[in-house]
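Below: one structure, written as structure tokens.
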Amino acid sequence: MEFAIISTLNGVTYGLLLFMVSAGLTLIFGMMGVLNFAHASFYMLGAYIAYAVSSIFGFWVGIAVAPIIVGLIGMAVERFLLPRVHAHGHAHELLLTFGLALIIEELIKLFFGDFPVNYQMPGGMRFSAFSIFGADYPFYRIFIGGVAAVMFTALWVLLTRTRTGIVVRAAERLPAMAEALGHNIPMVFMFVFGTGAALAGLAGAVAGAFYPTNPNMGIELGVIVFVVVVVGGLGSLKGSLVASLLIGLFSSFAVGLDWSLASLMGLVGLGDWARSLGGLMTLKLSSISATIPFALMLIVLLVRPAGLMGERN
Amino acid sequence: MAAIRNTLLLAALLALLIAVPPFLGLGWQNALVNILIASLFALAFNLLIGQAGLLSFGHAAYFGIGAFAALHLMIAIEDGFPFPTPLVPLAGAVAGLLIGLIAGYFATMRSGVYFALVTLAIAELFHSLAPRLEAVFGGESGISTMRMPWSGITFGSMLEIYYLTLAWVLICGLGLWAYTRTPFGRLTLALRDNEQRVRFLGYSTHSVKVIVFAVSTMLTGVAGSLQAISNETANYSLFASDVSAQVVLQTFVGGSTVFFGPVIGAAIFTLFSFLVSDLTRSWVLYQGLIFVLVMLYAPSGIGGVLQHHLRTRRQLDWRSLSGLYLLALVGGVLITAGAVFLTETVAVLFGEEYAVARRNAGGGLPDYQLFGASWNPAGILTWLLPLVLLAGGGAITVSTRRHISAFWNSKGQSPDTSAKPISLGGAA
Numbered sequence: 001m002e003f004a005i006i007s008t009l010n011g012v013t014y015g016l017l018l019f020m021v022s023a024g025l026t027l028i029f030g031m032m033g034v035l036n037f038a039h040a041s042f043y044m045l046g047a048y049i050a051y052a053v054s055s056i057f058g059f060w061v062g063i064a065v066a067p068i069i070v071g072l073i074g075m076a077v078e079r080f081l082l083p084r085v086h087a088h089g090h091a092h093e094l095l096l097t098f099g100l101a102l103i104i105e106e107l108i109k110l111f112f113g114d115f116p117v118n119y120q121m122p123g124g125m126r127f128s129a130f131s132i133f134g135a136d137y138p139f140y141r142i143f144i145g146g147v148a149a150v151m152f153t154a155l156w157v158l159l160t161r162t163r164t165g166i167v168v169r170a171a172e173r174l175p176a177m178a179e180a181l182g183h184n185i186p187m188v189f190m191f192v193f194g195t196g197a198a199l200a201g202l203a204g205a206v207a208g209a210f211y212p213t214n215p216n217m218g219i220e221l222g223v224i225v226f227v228v229v230v231v232g233g234l235g236s237l238k239g240s241l242v243a244s245l246l247i248g249l250f251s252s253f254a255v256g257l258d259w260s261l262a263s264l265m266g267l268v269g270l271g272d273w274a275r276s277l278g279g280l281m282t283l284k285l286s287s288i289s290a291t292i293p294f295a296l297m298l299i300v301l302l303v304r305p306a307g308l309m310g311e312r313n
Numbered sequence: 314m315a316a317i318r319n320t321l322l323l324a325a326l327l328a329l330l331i332a333v334p335p336f337l338g339l340g341w342q343n344a345l346v347n348i349l350i351a352s353l354f355a356l357a358f359n360l361l362i363g364q365a366g367l368l369s370f371g372h373a374a375y376f377g378i379g380a381f382a383a384l385h386l387m388i389a390i391e392d393g394f395p396f397p398t399p400l401v402p403l404a405g406a407v408a409g410l411l412i413g414l415i416a417g418y419f420a421t422m423r424s425g426v427y428f429a430l431v432t433l434a435i436a437e438l439f440h441s442l443a444p445r446l447e448a449v450f451g452g453e454s455g456i457s458t459m460r461m462p463w464s465g466i467t468f469g470s471m472l473e474i475y476y477l478t479l480a481w482v483l484i485c486g487l488g489l490w491a492y493t494r495t496p497f498g499r500l501t502l503a504l505r506d507n508e509q510r511v512r513f514l515g516y517s518t519h520s521v522k523v524i525v526f527a528v529s530t531m532l533t534g535v536a537g538s539l540q541a542i543s544n545e546t547a548n549y550s551l552f553a554s555d556v557s558a559q560v561v562l563q564t565f566v567g568g569s570t571v572f573f574g575p576v577i578g579a580a581i582f583t584l585f586s587f588l589v590s591d592l593t594r595s596w597v598l599y600q601g602l603i604f605v606l607v608m609l610y611a612p613s614g615i616g617g618v619l620q621h622h623l624r625t626r627r628q629l630d631w632r633s634l635s636g637l638y639l640l641a642l643v644g645g646v647l648i649t650a651g652a653v654f655l656t657e658t659v660a661v662l663f664g665e666e667y668a669v670a671r672r673n674a675g676g677g678l679p680d681y682q683l684f685g686a687s688w689n690p691a692g693i694l695t696w697l698l699p700l701v702l703l704a705g706g707g708a709i710t711v712s713t714r715r716h717i718s719a720f721w722n723s724k725g726q727s728p729d730t731s732a733k734p735i736s737l738g739g740a741a
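Taken in order, these protein sequences are the chains called A and B. For the first sequence, position 111 matches number 111 in our numbering, and the numbering has no gaps at all. Going from the second sequence to our numbering is simple: count from 1 and add 313.
This is the structure we're talking about:
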């Protein structure tokens, strides 16, 4: 019971973090058809900018400034770089952002070194939110989840309850028509891209203080986020929320389970035979928890290739 | 006429590749082996994006699989299994083909950007699983073995490895080229251009894609096993995303629309990393910058630009053009110098050694050494020099670029826009 509750809490907070990053990615894709490969790099950039700023001006200034700077960088990319390759098709847009991701990672290594930097939450936030079964649950995890929840609500209200949201959704559905009605669609695109990048930057700034901040955090999270959008279906916010939570929960439960294929075979009396085979058979689920999201993706591809909430291919 | 000239050109190149290496040093021979392997890898990768319109971000997986398959076969040969050493890459081919069939079945369920993401995820699957499977991938340290002699050839010298690699790369490269001429190769092109129509003609596009994917991974496996033969060792880092990234960079800088374009990119990048990787730690950053610049200004890559010039060479007025190109070259060199100076300065100033020097100097900003001179980090000259280089080079390049594009426009075609867009195999 203890394990189930702790794992659920961890899984939901991690899932919400994944959602913070994948929301921007899927928003941008749904609108412009551009898969921003550098999106996870924006997440990493957010963490490093927050680290650099917070070491001078304090933690909260870092959290506030990082998304703004990352958002501006995102806008610049959308304004000055993407239009140049637009004529050459989506493949070139994807490749351009792929190159940007590489450059951002290398620039971070250049300025901050290959090793993790010491980006920490302020001491005042290092307390336990509550104790459960004798174990303290860190408040900061709840904080990460809370930021994501607030962000999702704000985004949802903005998109469905305001005039701006109507224009954005119109621009997503029929850009030419929305433009003909007098809306500045290129500006809308730029701001959506900037907002998506800023959300990733915010996620990085918040999560970097809890998880390790190192030059690999971009690609590590990026791969999981890509799995999320494949599972959830690109362009669907709801889909990416469901997929994020699903992957968060699966990963956090897998860390604590010592199941293996051999113990599964043990249920039908083949346990000893499977254990004698070794290899894949005796691999514990906990030791391959990093593999779980990919396995989940393969299963979803088999069962429902379009993703959980995606439209048919 | 053109066919004969091309054949002669290829024969001359082949003669050079055969005759020159014995006179080169060990380091160069090793570099040539790496260039050949990278070329085959890039050619196999380009079968997917250049021919079938499928962009894979996870080809490291099949490169690694090929390497490990070859190593296991070599270990078996060491234990007395009678198998000729020169045919070891066959193990990589078979392993690449089998894994490619399975992975391709999943990956080609989706097309467009999804395909790219799924291939990336499959490579990460291998990368995260490999260190856990001690028996197959040797854990974190990997596995290693020895090349066994075969019928008088010891495979002890680099030169023998070079000729073995050359033979395999040539066979596979020519095979790939011949493949593009077959009806099935044409079908691959059709898949890129209009998948809907191919399906309408009665082909199962999913099966065709799986087969193309498997052919590509098979040759990637051969490239991986050639590297295993040359290095005699491999570990799970072969599955890492930077291996996949390398081949993407090389292919597109070289030009994915031209058959031999990827070879140009692979040769240039591998050669440069052989020459400069000792001098700088920022080599990957430069690669990324080159890649982004190529994407922005010459989307068809070096090969595409070369091909364009070859095609129109009779209409070109080289007297006016060569001056412009020379000017553009000067601008490019100035920009490069400025960018390299800035990058290396940052690398020094933010490096650990400089942090130690600062501590020793009591927190001040001591001078640092770069390019054989001493620079003051707070000095104006230190920052003015790269900025002047960048601004001057930028001004020259922008104005020459305008002239060059005016020149091409007067010819009715520009090398920039002549690049056909690469479609991503149907709608996303």
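For each residue, glycine too, the CB sits at the ideal point set by N, CA and C.
Alpha carbon to alpha carbon, how far is residue i from residue j?
i       : j       : result
L532(B) : A420(B) : 18 Å
V167(A) : V192(A) : 11 Å
G738(B) : H519(B) : With a pLDDT of 44 at G738(B), under the threshold of 50, the modelled position of that residue is not reliable, and the figure given next carries that caveat. If I take the Cα positions, the gap works out to 12 Å.
G537(B) : W721(B) : 42 Å
A4(A)   : L285(A) : 16 Å
N10(A)  : L158(A) : 28 Å
L504(B) : E220(A) : 33 Å
G664(B) : G208(A) : 22 Å
L326(B) : V566(B) : 22 Å
A416(B) : I435(B) : 7 Å
A290(A) : S251(A) : 7 Å
K733(B) : A306(A) : Legend: pLDDT at K733(B) = 48, less than 50; position of this residue unreliable, no value from coordinates given.
V77(A)  : L360(B) : 30 Å
L655(B) : L598(B) : 12 Å
F210(A) : F468(B) : 52 Å
A553(B) : H183(A) : 45 Å
D319(A) : P215(A) : As shown, chain A starts at 1 and ends at 313. That puts residue 319(A) outside it, with no answer to give.
Keeping to the same chain, check which residues put their C-beta closer than 7 Å to that of residue i; ignore five residues upstream and five downstream.
i       : result
E391(B) : T458, M459 and M461
L94(A)  : L35 and F37
V188(A) : V167, V168 and A171
L386(B) : F396, V401 and A404
A580(B) : I348 and S352
Quick one: list the residues of chain A neighbouring residue i, beta-carbon separation under 7 Å, in chain order.
i       : result
L438(B) : T291 and F294
G601(B) : G99, L102, I103 and E106
R671(B) : Within chain A, no residue comes near R671(B); the closest Cβ sits about 15 Å away, beyond 7 Å.
Can we count residue i as close to the ligand NAP, meaning its CB is less than 8 Å from some heavy atom?
i       : result
R494(B) : The ligand NAP is not part of the structure shown, which contains no ligands of any sort.
Return the residue from the list the options that minimises the CA-CA distance to residue i.
i       : options                               : result
G235(A) : M297(A), A23(A) and L246(A)           : A23(A)
T658(B) : N689(B), D630(B) and G636(B)          : N689(B)
A383(B) : G371(B), Q364(B), I456(B) and I415(B) : I456(B)
A719(B) : L655(B), T656(B), N548(B) and L637(B) : L637(B)
L500(B) : G465(B), G534(B), L414(B) and G366(B) : G366(B)
D630(B) : L329(B), V449(B) and S723(B)          : S723(B)
L539(B) : I331(B), Q628(B), G617(B) and A351(B) : A351(B)
G338(B) : V646(B), S470(B), N359(B) and E447(B) : S470(B)
A704(B) : G644(B), A691(B) and H716(B)          : G644(B)
S569(B) : A611(B), S595(B) and P334(B)          : A611(B)
Please list the partners that residue i has in chain A, where partner means a Cβ-to-Cβ separation under 9 Å.
i       : result
R627(B) : Result: empty, since nearest Cβ-Cβ is about 27 Å, beyond 9 Å.
Closer than 6 Å by C-beta to residue i: which residues in its own chain qualify, once you throw out the five before and the five after it? Chain order, please.
i       : result
L562(B) : Q600 and F604
F312(B) : Given a span of 314 to 741 for chain B in the structure shown, any question on residue 312(B) remains unanswerable.
M121(A) : Y140 and A209
Listing by chain order, which chain A residues have their CB less than 8 Å from the CB of residue i?
i       : result
V561(B) : L95 and F98
S441(B) : I288, A290, T291 and F294
F565(B) : L95
Which residues of chain B have a Cβ atom closer than 7 Å to the Cβ of residue i, listed in chain order?
i      : result
V53(A) : Near V53(A) there are no residues of chain B at all, since even the closest Cβ is about 17 Å away, more than 7 Å.
R84(A) : L609
Exercise. Looking at chain D, which residues of the segment 406 to 433 of chain B have a Cβ within less than 8 Å of any of its Cβ atoms?
Worked result: No chain D appears in this structure, whose protein chains are A and B.
Exercise. If you measure beta-carbon to beta-carbon, which residues of the segment 654 to 669 of chain B are closer than 9 Å to chain A?
Worked result: So the close ones are T656, V659, A660, F663, G664 and E665.
Exercise. Name the residues in the segment 294 to 309 of chain A whose C-beta lies less than 7 Å from a C-beta of chain B; which are they?
Worked result: Close to chain B, meaning a Cβ-Cβ distance shorter than 7 Å, are the following residues of the segment 294 to 309 of chain A: F294, M297, L298, L301 and P305.
For this session: Quick one: which residues of the segment 220 to 235 of chain A get their C-beta closer than 8 Å to a C-beta of chain B? List them in chain order.
Result: Shown in chain order are the members of the segment 220 to 235 of chain A whose Cβ falls below 8 Å from a Cβ of chain B: V223, F226, V227, V229, V230 and L234.
Exercise. Which of the residues in the segment 549 to 560 of chain B, read from start to end, lie with their CB under 8 Å from any CB of chain A?
Worked result: Correct list: S554 and A558.
Problem set entry | Interface residues of the segment 342 to 373 of chain B facing chain A [CB-CB below 7 Å] | The residues in question are L368.
Exercise. For the segment 583 to 613 of chain B, which residues have a CB atom closer than 7 Å to at least one CB atom of chain A, in sequence order?
Worked result: Listed in sequence order: S595, V597, L598, G601, L602, F604, V605, M608, L609 and P612.
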